[in-house]
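Okay, so here's the structure we're looking at.
Numbering (my numbering), first residue to last: 24 to 538.
This is the structure:
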């Protein structure tokens, strides 16, 4: 049995690494994932140049990448891709042990369940650019396994104390990896301890909750708990409303992610709820937060879109177990095997479509309803903050600006490109991103004789970038605009300085500073 688990772990690790490496290889040298280019890579290169800093949103993940890069003298981008690949393999192994220990599945079927899970849309979406979440899920799974291991029979007091201490350490690491997963881990463990009457586990989690809330209120500037306003007002007072995601979009995302899983999920859930295993609790919590928009007016503070993706992962776990149980409902062995492997292969092909399809090719339900789900779910994994073929164009634009424009120039573009410019633009240049600025300085027609009316956003931009005299506004430094629409200034091509693909560089000094 021990040898079979070791062999299964090796197989699942290799499969998990292969799944995550495939879109990296297909799109290399360009990164995949929106947050990859806009958050992770700029921070990683910053740490590589200036040394590690704990004062970040996700220090543990960045520390892992920083350690690999510095230890083996790897380029930070290469270390970033290696860590993400290895973590997905490790994630598969953590689920392998959950299936074999918690769900008591044989190693052979545990391997198939892991393949099923690693190719589910929810986990692929998380691995696309929520890299710290993958690390958090690994910590979550390991903690669940340790909790189950610590309460086996014939466990000595000394052994249990060591395991409790390890649970405390893992909870602490989880907090500094991702706050949302840490909250889920701690609350789930507390409820589980109450239900099972595990006194010491309850005390550990209660203590940790007190410390976490104190930290969130006094030091943390990430969660809504750290806001100066009252929590109740923040969530229910209309003055604090900031919902940018409509309720219908959240509902469509949940249905399209989970609709095909529900029959198998029900079978697995009904079986496990009788045994009241640990995973039942985080499943119910994550589903509850997925629909928090039904009762909380200012629901965006609670990020229901992330809870939907997380709940879909838990639903997928129970669906994999339900698929394992499904053949037991049929008498004939041949029908059992045909049903199991037929469903399994169908789900695997469904996930591979999202994994390898070029951007724009629709292979799954969330992508088909992209007008509703596009706020959080990409059409495929082959994109980042833009389509992969446009990556070379934006790099060419930045290179042109570095070589052809004077120092201290201002560059205005969309917020979605901020990571590219932070990584590659000369430090002497300043990149400004504001969709409001773009909307006000780009004419609504090609008639430049009637420029758009000045608004507060444009006036603020003028105050920042222009020097007033009695005649006109004069630019402090040259101002350049990056835009994707070639039709805006077609009657005045002189202000188009250069074009790369669909991206244009405009001389925007007169547009902004002269009336």
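Where is the CB? At the ideal position from N, CA and C, for every residue including glycine.
Quick caveat, the model's predicted, so the values are computed rather than measured.
Open item on the list: Quick check on DSSP: helix, strand or coil for residue 154?
Closed with: In this structure, residue 154 counts as helix in the three-state DSSP scheme.
- [ ] Spell out a yes or no on whether the stretch 286-302 and the stretch 341-348 are touching, meaning 3 or more CB-CB pairs, one atom from each, closer than 8 angstroms.
- [x] Enough Cβ pairs lie closer than 8 angstroms, so yes.
TODO: For the alpha helix (DSSP H) holding residue 345, just list the boundary residues, first then last.
DONE: Where residue 345 is concerned, the enclosing alpha helix (DSSP H) stretches over 327-348.
Task: Local conformation of residue 385 per DSSP, three classes - done: In the three-state scheme derived from DSSP, where H, G and I count as helix and E and B as strand, residue 385 is classed as coil.
Open item on the list: What does DSSP give as the partner residue(s) for residue 405 in the beta ladder?
Closed with: Its beta-bridge partners are 381.
Task: Length of the line joining the Cα atoms of residue 81 and residue 287 - done: Cα to Cα, the separation comes out at about 35 angstroms.
- [ ] Spatial neighbours of residue 275 within its chain, please: CB distance less than 7 angstroms, with the 5 preceding and 5 following residues excluded, ordered by chain position.
- [x] Excluding residues up to 5 positions away in sequence, 392, 395 and 396 lie with their Cβ nearer than 7 angstroms to the Cβ of residue 275 in the same chain.
TODO: Could you spell out the range, first to last residue, of the alpha helix (DSSP H) harbouring residue 283?
DONE: Note, residue 283: premise wrong, no alpha helix (DSSP H); not H, not E.
Open item on the list: Is the separation between the beta-carbon of residue 40 and that of residue 100 shorter than 8 angstroms?
Closed with: Cβ distance not < 8 angstroms, so residue 40 and residue 100 don't count as in contact.
TODO: Name the residue from 316, 320 and 433 whose alpha carbon lies nearest to the alpha carbon of residue 536.
DONE: Residue 536 has its Cα closest to that of 433, out of 316, 320 and 433.
Task: Through-space distance from residue 229 to residue 448, alpha-carbon basis - done: Note on geometry: alpha-carbon atoms of residue 448 and residue 229 lie some 48 angstroms from one another.
Task: Cα-Cα separation, residue 168 to residue 120 - done: One C-alpha to the other measures close to 8 angstroms.
Open item on the list: In whole angstroms, give me the CA-to-CA distance for residue 17 and residue 147.
Closed with: The structure shown does not extend to residue 17, since the chain is modelled only from 24 to 538, so the question has no answer here.
TODO: Examine the Cβ distances between the stretch 81-91 and the stretch 198-213 and report whether three or more of them are shorter than 8 angstroms.
DONE: Contact holds: three or more Cβ-Cβ distances are below 8 angstroms.
Open item on the list: Could you compute how far the alpha carbon of residue 522 sits from the alpha carbon of residue 528?
Closed with: C-alpha separation (whole angstroms): 6 angstroms.
Task: Three-state class that DSSP yields for residue 198 in the structure shown - done: It is helical.
- [ ] Report yes if the CB atom of residue 204 is closer than 8 angstroms to the CB atom of residue 235, and no otherwise.
- [x] Note that the C-beta distance between residue 204 and residue 235 is not below 8 angstroms.
TODO: Count the other C-beta atoms from every protein chain shown that fall within 10 angstroms of the C-beta of residue 174, then say buried if there are 16 or more, exposed otherwise.
DONE: Classification for residue 174: exposed.
Task: Secondary structure, alpha helix (DSSP H): runs of 4+ residues fully inside the stretch 118-144 - done: Taken in chain order, the whole alpha helix (DSSP H) runs of length 4 or more contained in the stretch 118-144 are 130-141.
TODO: Can you say whether residue 330 is buried or exposed, counting buried as having 16 or more other CB atoms within 10 angstroms of its CB?
DONE: The residue is buried, with at least 16 neighbouring Cβ atoms inside 10 Å.
Task: Helix, strand or coil at residue 521 according to DSSP, with G and I counted as helix - done: DSSP, reduced to helix, strand and coil, places residue 521 within a strand of the structure shown.
Task: Whether residue 157 touches residue 149 by CB criterion (8 angstroms) - done: Using a Cβ distance threshold of 8 angstroms, residue 157 and residue 149 count as a contacting pair.
Open item on the list: I'd like to know whether the C-beta atoms of residue 500 and residue 431 end up nearer to each other than 8 angstroms.
Closed with: It is a contact, given that the beta carbons lie within the stated cut-off.
- [ ] Would you identify the three-state DSSP class for residue 321, choosing helix, strand or coil?
- [x] Of the three classes helix, strand and coil, the one that applies to residue 321 here is coil, per DSSP.
Open item on the list: Tell me the rounded alpha-carbon separation between residue 222 and residue 166.
Closed with: Approximately 17 angstroms, taken between the alpha carbons.
Task: Pairwise C-alpha distance: residue 398 and residue 477 - done: No answer about residue 477 holds up, because its pLDDT of 42 lies below 50 and its placement is not dependable.
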